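Report on one structure; see the data block that follows.
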Amino acid sequence: MNIFKEATEQLREASKYIKTPEDVLAVLTTAERKLSVSIPVTMDDGTRKLFHGYRMQHNSLLGPYKGGLRYHPQVNEDEAQALAFWMMVKNAVVNVPFGGGKGGIQVDPKSLSPGELERLTRSFVRRIAHVIGPTIDVPAPDVNTTAQIMEWIADEYARVVGMTSDESSTLRAVVTGKPVSYGGSEGREEATGLGGATVLKNILLKKEGELTYPLTVAIQGFGNVGYFLAQYLYKARTSDDQPMFHIVAVSDSKGGITAQALDPEKVMADKKENKSISDKLGKRITNDEILELDVDILVPAALEHVISKVNVHNIKANIILEMANGPTTKEAAQILDDNGCMVIPDILANSGGVTGSYFEWEQNMKGQTWTIEHYRRELHTYMTQATDEVWGAHKKHKVSLRTAAYIVAIQRLVAAIDR
Ligand code: GLU
Numbered sequence: 140m141n142i143f144k145e146a147t148e149q150l151r152e153a154s155k156y157i158k159t160p161e162d163v164l165a166v167l168t169t170a171e172r173k174l175s176v177s178i179p180v181t182m183d184d185g186t187r188k189l190f191h192g193y194r195m196q197h198n199s200l201l202g203p204y205k206g207g208l209r210y211h212p213q214v215n216e217d218e219a220q221a222l223a224f225w226m227m228v229k230n231a232v233v234n235v236p237f238g239g240g241k242g243g244i245q246v247d248p249k250s251l252s253p254g255e256l257e258r259l260t261r262s263f264v265r266r267i268a269h270v271i272g273p274t275i276d277v278p279a280p281d282v283n284t285t286a287q288i289m290e291w292i293a294d295e296y297a298r299v300v301g302m303t304s305d306e307s308s309t310l311r312a313v314v315t316g317k318p319v320s321y322g323g324s325e326g327r328e329e330a331t332g333l334g335g336a337t338v339l340k341n342i343l344l345k346k347e348g349e350l351t352y353p354l355t356v357a358i359q360g361f362g363n364v365g366y367f368l369a370q371y372l373y374k375a376r377t378s379d380d381q382p383m384f385h386i387v388a389v390s391d392s393k394g395g396i397t398a399q400a401l402d403p404e405k406v407m408a409d410k411k412e413n414k415s416i417s418d419k420l421g422k423r424i425t426n427d428e429i430l431e432l433d434v435d436i437l438v439p440a441a442l443e444h445v446i447s448k449v450n451v452h453n454i455k456a457n458i459i460l461e462m463a464n465g466p467t468t469k470e471a472a473q474i475l476d477d478n479g480c481m482v483i484p485d486i487l488a489n490s491g492g493v494t495g496s497y498f499e500w501e502q503n504m505k506g507q508t509w510t511i512e513h514y515r516r517e518l519h520t521y522m523t524q525a526t527d528e529v530w531g532a533h534k535k536h537k538v539s540l541r542t543a544a545y546i547v548a549i550q551r552l553v554a555a556i557d558r
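In the working numbering, the protein residues as written are 140 to 558.
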């Protein structure tokens, strides 16, 4: 089954608990607009190459389309559509005034020089500039896209609409996740990880009594999301000042390591030194093995569908914190549920990223600059509120946390249709 169709079926199933009419379901499961573009780029050797990119605008009931841009060889229309759909749901769960969008370019950015990467990005922006804008559609970082790339996007967008972005801070709100020196927010980089740690701790608190600390954690993916999550989990303490977590394994796209307790700071230093995680700090493991470790908490923080019927029976963790988008197939999620594994779904767990983006956008639109303390406090409020609501629906309807999150989202979206 294609990934978009599978994603929309999650919503359809949840809708049964709150009796959603078919015409409403049709609106929520159909993209409003899809843009597919070819992107010509002059390479360093003077040859011209064509790349393919997408911007999917799934739904704008709650506000401007919002969601990341991914640079990855696997990017395709179906995946981008599923990711845009999940953004609609995620934004509704965490209650930010955005719709759902997503896009990307089919490319391995690591194979490009910095100049090629910039020209590719600017060429892409010229192709999509007519459908994005601060109140229309606001892209952001995703897999392999950085603050620097966001700056190029804002700058090229300003050129296309005939203004330099120095002239208007509002114009920079066309994209979030920018460098702090360019209208970005201190706090946005860590927001997804901090948000995930907040959600996890809140849920553990609700389960208190059933747990013995420290809980062991394995994290697949050590990009922006996995790294900051690891940092916050590493620092977390119980009420009697014991470590809440031991990070026993981490990996990046090339594989990972396992050890008694890892310090994320040291792993990052090693990753920087050796271009990817080496075996200096632990025993080498593959990206498949990390998922099957005997840990309390498993965190997929890389790509979608890594937990499927192929490996689900080997998963030993009792809690899965989905920091990636769509890491668990529908079939695998059902099996985990039947086995009593609690999955904290992506649409709640990783919603700190877009919430942080909302704060950045809000500051750009109003010409404000928040302190990092204020930013973190606000993030905590949004994440806690969303977790409490999802937990409430989970208890009320006796459903998985994923179905509960969909219920919360559908209710908010339906209220917007009726407005
Ligand atoms: N790419 C992130 C996500 O999947 C962030 C999106 C945003 O900030 O707009 O949620």
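All residues carry an ideal CB built from backbone N, CA and C; glycine is no exception. Computed from a prediction, not measured in an experiment: that's the story for all the values here.
query                                                                                                           : result
DSSP state of L475 mapped onto helix, strand, coil                                                              : helix
contact_flag[the stretch 461 to 469, the stretch 481 to 491] where n(CB pairs < 8 angstroms) is 3 or more       : yes
Cβ-based burial, E218 [other Cβ within 10 Å; buried from 16]                                                    : buried
With 16 other Cβ atoms within 10 Å as the buried cut-off, status of L189                                        : exposed
For H536, the three-state DSSP class (helix, strand or coil)                                                    : helix
Residue of L437, L208 and P382 minimising C-alpha distance to V389                                              : L437
Neighbourhood of A548 by C-beta, 6 angstroms cutoff - its chain only, sequence neighbours within 5 removed      : V228, A231 and V232
Alpha-carbon spacing of A456 relative to L430, whole angstroms                                                  : 9 angstroms
Heavy atom of the ligand GLU within 8 angstroms of S250 beta-carbon                                             : no
Supposed close pair V434, T355 - CB separation, criterion 8 angstroms                                           : 4 angstroms
Outcome for H513 when other beta-carbon atoms lying within 10 angstroms are tallied against a minimum of 16     : exposed
Start-to-end residues for the beta strand (DSSP E) that takes in V387                                           : F384 to D391
C-alpha distance - T260 paired with W291, whole-angstrom precision                                              : 7 angstroms
Ranges of the beta strand (DSSP E) found wholly within the stretch 166 to 194, counting only runs of at least 3 : 172 to 181
Collapsed DSSP secondary structure at L460 in the structure displayed                                           : strand
Contact test: V529 Cβ vs the ligand GLU heavy atom, cutoff 8 angstroms                                          : no
7 angstroms CB neighbourhood of D379 in its chain, flanking five on each side removed                           : none
DSSP three-state assignment for N198, whether helix, strand or coil                                             : strand
I556 beta carbon less than 9 angstroms from that of V163                                                        : yes
Cβ neighbours of A146 in the same chain (closer than 8 angstroms, five flanking residues each side left out)    : A221, F224, W225 and G465
Pick from E325, E148, K393 and T285 that is closest to G207, judged by C-alpha positions                        : T285
Three-state secondary structure assigned by DSSP to L354                                                        : strand
Any beta strand (DSSP E) of 3 or more consecutive residues that is wholly inside the stretch 237 to 271         : 239 to 245
The ligand GLU heavy atom lying under 8 angstroms from the CB of T337                                           : no
Proximity test, G495 beta-carbon vs the ligand GLU heavy atom, cut-off 8 angstroms                              : yes
Contact check, R238 vs H197, beta carbons under 9 angstroms                                                     : Just to set this straight, residue 238 is Gly in the shown sequence, not Arg. For G238 and H197, yes; Cβs fall inside 9 angstroms.
Closer than 8 angstroms: N464 CB and nearest the ligand GLU heavy atom                                          : yes
Three-state secondary structure assigned by DSSP to G465                                                        : coil
Per DSSP, cross-strand counterpart(s) of H211                                                                   : Q245
Supposed close pair L150, Y545 - CB separation, criterion 8 angstroms                                           : 5 angstroms
Pick from K393, E470, S415 and D409 that is closest to T425, judged by C-alpha positions                        : K393
Heavy atom of the ligand GLU within 8 angstroms of T331 beta-carbon                                             : yes
Heavy atom of the ligand GLU within 8 angstroms of V438 beta-carbon                                             : no
Exposed unless 16 or more other CB atoms sit within 10 angstroms - verdict on M195                              : buried
K422 in three-state terms, based on DSSP                                                                        : strand
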